[in-house]
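All the letters of the sequence shown, read from the start, carry residue numbers 200 to 580 under this note's numbering.
The beta-carbon is built from N, C-alpha and C at its ideal position, and this holds for glycine as well.
To keep things clear, I will list the structure first and then write my remarks on it.
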Amino acid sequence: MKIITIIGARPQIIKAAALSRAIATYFPTKIKELIVHTGQHYDQNMSAVFFDELGIPKPTINLNIGSGSHGKQTAVMIEQLEEVLIKEKPDALVVYGDTNSTLAATIAASKIHIPIVHIEAGLRSFNKKMPEEINRIMCDHASTLLFSPTKTGYQNLMNEGFRENKAMLYSADNPGVFHCGDVMYDNSLYFSRLNEENSTLFKTLGLQKNDFILATVHRNDNTDDPKHLSTIFESFRKIAEKNNETIVLPLHPRTKKMLEKSLSNDLYNSIIINKNIKIIDPVSFLDMIALEMHCKLVVTDSGGVQKEAFFFKKPCIILRKETEWVELVECKAAIITGANENLILNAYNTFINKEDYDFPPLFGDGAAAMFICEEMIKNFN
Ligand code: UD1
Ligand code: UDP
């Protein structure tokens, strides 16, 4: 069986590691995987770094499409992916999550009747102003196999008209929907075991374990709205200054570009010179896991980082108005604040004073990728 895996953005490259590892370990003769990178992310620390450290096979094809407006970026991807799919004739196409690379691959494959396997299906924010919400809905409704990491995701799909279905063979008109756990949980377990003491970041940054806050910001609603971006960084300044907290911020290039442009001179300068706020370039996944494992609190608008905070039993402030990972909030391990200073500072105070946490095992058993491979073999071999 031949599959093509589409990757493009940072989290998709990391997610792909779990499936490639499962194929190499358990199904090397049954599944042939070709990795195609759209080039949506291209900086060394947003792409290449992950192949080297996570042992992902190098992409057979990199389309090097790069950045652009939604329409332009997606259109160029569709055009070039169609050519690849026609030439390579895979039995199925594997896509992850909800980026423009996911959408482009979905459109290209579905029009030429290549079955789509959607990993991370069913997640919903119920906010159609998010580009990702449109991408994931379109992808789910064109897919043949849908693998949801959570019960909520599975239920969202049932609410949208998917059915529990025990077909002999699934198709886009008769899709198979599975709740199978999260491939990122597979990865976090696997790489945290390898990782324990290898990160040099702590020494370089002068960090004390369990005595710093880890933050990331990249969501367009936060980066492209100067008011939101300023509020978030004003909150960071207050937490760092008033509470003498160290905040480590591996900054997405999108946010880095907007900081100087959107913050007032006063705020920008006070952030840049503040020794407690350590703005650094994006880090490798192994370094990121080390930061997540040893921080005391995570503050983020990232989907992946929210969940990894939970995997490593850290509380999380979610800098968004809603989350697809509602379980984290239900367990009281995460608080949604959006870009609202009062809510961010209140959430900080809540977590700094809270001792009893509950992190139940909601994301599977660390073998989601193996389950996905087995279902693909049943359906496409
Ligand atoms: C994309 C995804 C988002 C995901 C995120 C993961 C879409 C619509 N969004 O958002 O769901 O959470 O990836 O990180 O697909 N840039 C660089 N270097 C790079 C990549 C990006 O400088 O290697 C800058 C460019 O200025 C670019 C901007 O970041 O215009 C945004 O990149 P883009 O891939 O369009 O969106 P993300 O915000 O990364
Ligand atoms: N990540 C990383 N280095 C960083 C920031 C994030 O390796 O500097 C990893 C993080 O551990 C998670 C993934 O990137 O696995 C999340 O990607 P991102 O926040 O860009 O996107 P999202 O999950 O929101 O789509």
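Residue 482 lies in the alpha helix (DSSP H); which residues open and close that run?
Numbered from its first residue, the sequence shown carries residue 482 at position 283. Per DSSP, residue 482 belongs to no alpha helix (DSSP H) and is neither H nor E.
Could you tell me the alpha carbon to alpha carbon distance between residue 427 and residue 522, rounded to whole angstroms?
Translated into positions along the sequence shown, residue 427 becomes position 228. Translated into positions along the sequence shown, residue 522 becomes position 323. Cα to Cα, residue 427 sits roughly 17 Å from residue 522.
Taking the beta strand (DSSP E) that residue 353 falls in, what are its first and last residues?
Taking the sequence shown and counting its residues from 1, one reaches residue 353 at position 154. No beta strand (DSSP E) holds residue 353; the alpha helix (DSSP H) holding it covers 350-358.
Practice item. Please report the residue range of the beta strand (DSSP E) in which residue 556 lies. Key: Numbered from 1 along the sequence shown, position 357 holds the residue referred to as residue 556. No beta strand (DSSP E) holds residue 556; DSSP gives it neither H nor E.
- Message: Could you tell me the alpha carbon to alpha carbon distance between residue 321 and residue 343, rounded to whole angstroms?
- Response: Counted from its first residue, the sequence shown places residue 321 at position 122. Counted from its first residue, the sequence shown places residue 343 at position 144. Cα to Cα, the separation comes out at about 13 Å.
Exercise. Are there 16 or more other CB atoms within 10 angstroms of the CB of residue 348, so buried, or fewer, so exposed?
Worked result: The count along the sequence shown starts at 1 and reaches residue 348 at position 149. The residue is buried, with at least 16 neighbouring Cβ atoms inside 10 Å.
Check: Do the region 366-382 and the region 547-559 meet, that is, are 3 or more Cβ pairs less than 8 Å apart?
Finding: no
ask   = What did DSSP end up calling residue 475 once you bin it into helix, strand or coil?
value = For the purposes of this step, residue 475 is identified with residue 276 of the sequence shown, where counting begins at 1. If DSSP states are grouped into helix, strand and coil, residue 475 belongs with coil.
By how many angstroms is the C-alpha of residue 207 removed from the C-alpha of residue 305?
Locating residue 305 in the sequence shown gives position 106, counting from the first residue. Locating residue 207 in the sequence shown gives position 8, counting from the first residue. Residue 305 and residue 207: Cα-Cα distance of roughly 13 Å.
Quiz item: Heavy atom of the ligand UDP less than 8 Å from the Cβ of residue 507, yes or no?
Solution: What you label residue 507 is simply residue 308 of the sequence shown in a count that begins at 1. Because some heavy atom of the ligand UDP lies under 8 Å away, the Cβ of residue 507 counts as near it: yes.
Say yes only if the C-beta of residue 359 is nearer than 8 Å to one or more non-hydrogen atoms of the ligand UDP, and no if none qualify.
To locate residue 359, count along the sequence shown from 1; it is residue 160. Answer for residue 359: no, Cβ out of range of the ligand UDP.
Distance, residue 358 Cα to residue 453 Cα:
Here residue 453 refers to the residue found at position 254 when the sequence shown is read from its first residue. Here residue 358 refers to the residue found at position 159 when the sequence shown is read from its first residue. So the two alpha carbons sit approximately 35 Å from each other.
- Message: the ligand UD1 and residue 364: does any heavy atom of the ligand fall closer than 8 Å to the residue's C-beta?
- Response: Position 165 of the sequence shown, counting from 1, holds the residue named residue 364. For the ligand UD1, not one heavy atom lies less than 8 Å from the Cβ of residue 364.
Q.
Am I right that residue 505 and residue 533 are in contact with their C-beta atoms under 8 Å? What's the rounded C-beta distance?
A. The count along the sequence shown starts at 1 and reaches residue 505 at position 306. The count along the sequence shown starts at 1 and reaches residue 533 at position 334. Taking 8 Å as the upper bound for CB-CB distance, residue 505 and residue 533 are in contact here, some 6 Å apart.
- Quick one: residues in its chain with C-beta nearer than 8 Å to the C-beta of residue 243, no 5 flanking neighbours on either side, listed in chain order? Translated into positions along the sequence shown, residue 243 becomes position 44. Contacts found: none.
(Q) At 4 residues or longer, what runs of the alpha helix (DSSP H) sit wholly inside the region 306-342? (A) 330-339
query = Nearest-angstrom Cα distance between residue 404 and residue 366?
reply = For the purposes of this step, residue 404 is taken as residue 205 along the sequence shown, with counting starting at 1. For the purposes of this step, residue 366 is taken as residue 167 along the sequence shown, with counting starting at 1. Taking the straight line joining both Cα atoms gives about 54 Å.
So, does the region 226-241 touch the region 262-279, judging by three or more C-beta pairs under 8 Å? yes
Is the region 247-255 touching the region 270-289, taking contact as three or more C-beta pairs under 8 Å?
Verdict: no, contact absent.
*Is residue 375 helix, strand or coil when you go by DSSP?*
Taking the first residue of the sequence shown as position 1, residue 375 is located at position 176. Strand.
(message) At the level of alpha carbons, what is the spacing between residue 495 and residue 507?
(response) In the sequence shown, the residue the question calls residue 495 occupies position 296. In the sequence shown, the residue the question calls residue 507 occupies position 308. Straight-line Cα distance between these residues: approximately 13 Å.
* Asked: What residues does the ligand NAP have around it, judged by CB closer than 5 Å to any heavy atom, in chain order?
  -> Of the ligands one can find in the structure shown, namely the ligand UD1 and the ligand UDP, none is the ligand NAP.
When you compare only the Cα positions, how much space is there between residue 429 and residue 476? Residue mapping note: residue 429 aligns to position 230 of the sequence shown, counting from 1. Residue mapping note: residue 476 aligns to position 277 of the sequence shown, counting from 1. So the alpha carbons of these two residues sit roughly 15 Å apart.
Classify residue 231 as helix, strand or coil using the three-state DSSP reduction. As a working mapping, residue 231 is identified with position 32 in the sequence shown. Note: residue 231 maps to strand in three-state DSSP.
Between the alpha carbons of residue 210 and residue 462, how many angstroms are there, rounded?
Counting from one through the sequence shown, the residue named residue 210 turns up at place 11. Counting from one through the sequence shown, the residue named residue 462 turns up at place 263. Cα-Cα distance, rounded: 27 Å.
Residue 275 versus residue 364: straight-line alpha-carbon distance, rounded = Against the sequence shown, residue 275 aligns to sequence position 76. Against the sequence shown, residue 364 aligns to sequence position 165. Computed Cα separation, rounded: 36 Å.
Same chain, Cβ closer than 8 Å to residue 447, five either side skipped, listed in chain order: Your numbering for residue 447 matches position 248 in the sequence shown. The residues are 404, 406, 411, 412, 413, 414, 477, 479, 490, 494.
| query | Quick one: Cα of residue 314 to Cα of residue 214, how far? | reply | Stepping through the sequence shown from its first residue, residue 314 is reached at position 115. Stepping through the sequence shown from its first residue, residue 214 is reached at position 15. So the alpha carbons of these two residues sit roughly 20 Å apart.
Residues bridged to residue 274 [DSSP beta-bridge criterion]: Stepping through the sequence shown from its first residue, residue 274 is reached at position 75. The partner list for residue 274 (beta bridge, DSSP) is empty, contrary to what the question assumes.
(message) For residue 470 and residue 368, I'd like the C-alpha separation in whole angstroms.
(response) By one-based count along the sequence shown, residue 470 stands at place 271. By one-based count along the sequence shown, residue 368 stands at place 169. Going from the Cα of residue 470 to the Cα of residue 368 covers about 56 Å.
Residue 387, buried or exposed, once every other Cβ within 10 Å from all chains shown has been counted against 16: Working through the sequence shown from its first residue, we reach residue 387 at position 188. When all chains shown are included, residue 387 counts as buried.
_Suppose you measure from the CA of residue 237 to the CA of residue 271; what does that come to, to the nearest Å?_
To locate residue 237, count along the sequence shown from 1; it is residue 38. To locate residue 271, count along the sequence shown from 1; it is residue 72. Roughly 13 Å separates the two Cα atoms.
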